[in-house]
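Okay, so here's the structure we're looking at.
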Amino acid sequence: MLETIRQTAGFIRQEVGGDMPETAVILGTGLGDLVNKIDIKKELAYKDIPNFPVSTVEGHSGKLIFGTLGGKYIMAMQGRFHYYEGYDMKQVTFPVRVMKELGVKTLFVSNAAGGMNKEFQVGDVMIITDHINLFPENPLRGRNDDKLGPRFPSMTEAYSRSLIALAESIGKEEKIRLMRGVYVGTPGPTFETPAEYEYFRIIGGDAVGMSTVPEVIVANHAGMKVFGVSVITDLGGKDITDVPSHEEVQKAAVKAQPVMTKLITEMLGCI
């Protein structure tokens, strides 16, 4: 696996040239338009990158972008990979491994999520403070390569407390409504039943989605600092009768993009 990672990283270095960024952003469903704010230096289609999977979900463009945002040189994934697409966990998290090999130290992850916290509203932006992993497979399962990270990595601070504090400070200063909460990661691709929403709330979840957790696990294994944010695109529970659809999720995510874009841009300018 290490050789494959190095092969892909070598290709990207050759294509992009120059120094590599130390900060990366993964953009989830409906959130890809943040790239319009990036002063782009180079973009690579996933299909042209050796060993990269290809995103198959509507709303995930499938490009690796290099450029400047908030005065910071970054790498951005416009579209991610999901377990429900049929990829195994090592494929889902492969880009994070490549990021580490390229020198990335800080990873921003975003997603669209369903909310079960009774205080949430559609369009809210939630800072992820922790997560609950309900995927059937851990991306670190199997023989460990000490060159990639420790056998038993700590997840006590899976999401950087200092970056969370920075986000809250910016939110207060800019008068942005920011929520905090625990993200529940599930395999998908079905949306949750009302009873499942209630179950996730009872076990400590505030929002639920089908991504992010595997990438965050691997980023922590690799020694990166992580900041995560969810856009609440729908609400669920026994008292909610609305039926979510992927199209509605995309629309809600796009509507909330200005807030998320402002937050991440301001944060990048401060780190």
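Using this note's numbering, read the sequence shown as starting at -18 and increasing by one per residue.
Backbone N, C-alpha and C define an ideal beta-carbon position, used for all residues, glycine too.
These figures come from a predicted structure and were not determined experimentally.
Thinking just about the alpha-carbon of each residue, which of the options is nearest to the one in residue i?
| i | options | result |
| --- | --- | --- |
| A234 | H63, A93, Q102, K18 | A93 |
| Y164 | G209, V199, E154 | G209 |
| L159 | Y64, G60, T242, M56 | T242 |
| R(-6) | L(-17), K18, E24 | E24 |
| G169 | I151, P239, E66 | E66 |
| K28 | V199, D127, K44, G123 | K44 |
| I21 | I55, L8, E(-16), G9 | I55 |
| I213 | M107, V6, A26 | M107 |
| K232 | I184, M(-18), D14, I7 | D14 |
| E173 | I157, G218, G152, I151 | G218 |
Can you check whether the CB of residue j is closer than 8 angstroms to the CB of residue i?
| i | j | result |
| --- | --- | --- |
| R61 | L129 | no |
| H112 | A148 | no |
| P76 | M58 | yes |
| L249 | K53 | yes |
| G162 | N98 | yes |
| D187 | G95 | no |
| T167 | M191 | yes |
| M(-18) | D127 | no |
How long is the line joining the alpha carbons of residue i and residue j, rounded to whole angstroms?
| i | j | result |
| --- | --- | --- |
| F(-8) | I30 | 7 angstroms |
| K18 | E179 | 38 angstroms |
| P175 | L83 | 42 angstroms |
| H202 | A(-10) | 18 angstroms |
| V189 | P239 | 22 angstroms |
| T74 | V16 | 21 angstroms |
| F181 | T171 | 15 angstroms |
| E228 | F101 | 20 angstroms |
| F133 | R122 | 11 angstroms |
| A146 | Q(-12) | 37 angstroms |
| L144 | T(-15) | 31 angstroms |
| D105 | S211 | 8 angstroms |
Which residue or residues does DSSP assign as beta-bridge partners of residue i?
| i | result |
| --- | --- |
| A94 | I213 |
| E24 | I46 |
| L8 | Q59 |
| D111 | V163 |
At least three beta-carbon pairs within less than 8 angstroms, the stretch 41 to 56 to the stretch -3 to 7: Judged by Cβ distances under 8 angstroms, the stretch 41 to 56 makes contact with the stretch -3 to 7, as three or more pairs qualify.
Does the stretch 196 to 213 come close enough to the stretch 83 to 103 to have 3 or more Cβ pairs within less than 8 angstroms? The way I'd put it, the stretch 196 to 213 does touch the stretch 83 to 103; three or more beta-carbon pairs between them come closer than 8 angstroms.
Are the stretch 64 to 81 and the stretch 112 to 119 touching by the rule of at least three beta carbon pairs closer than 8 angstroms? As far as the Cβ criterion goes, the stretch 64 to 81 touches the stretch 112 to 119, which means the pair count is three or higher.
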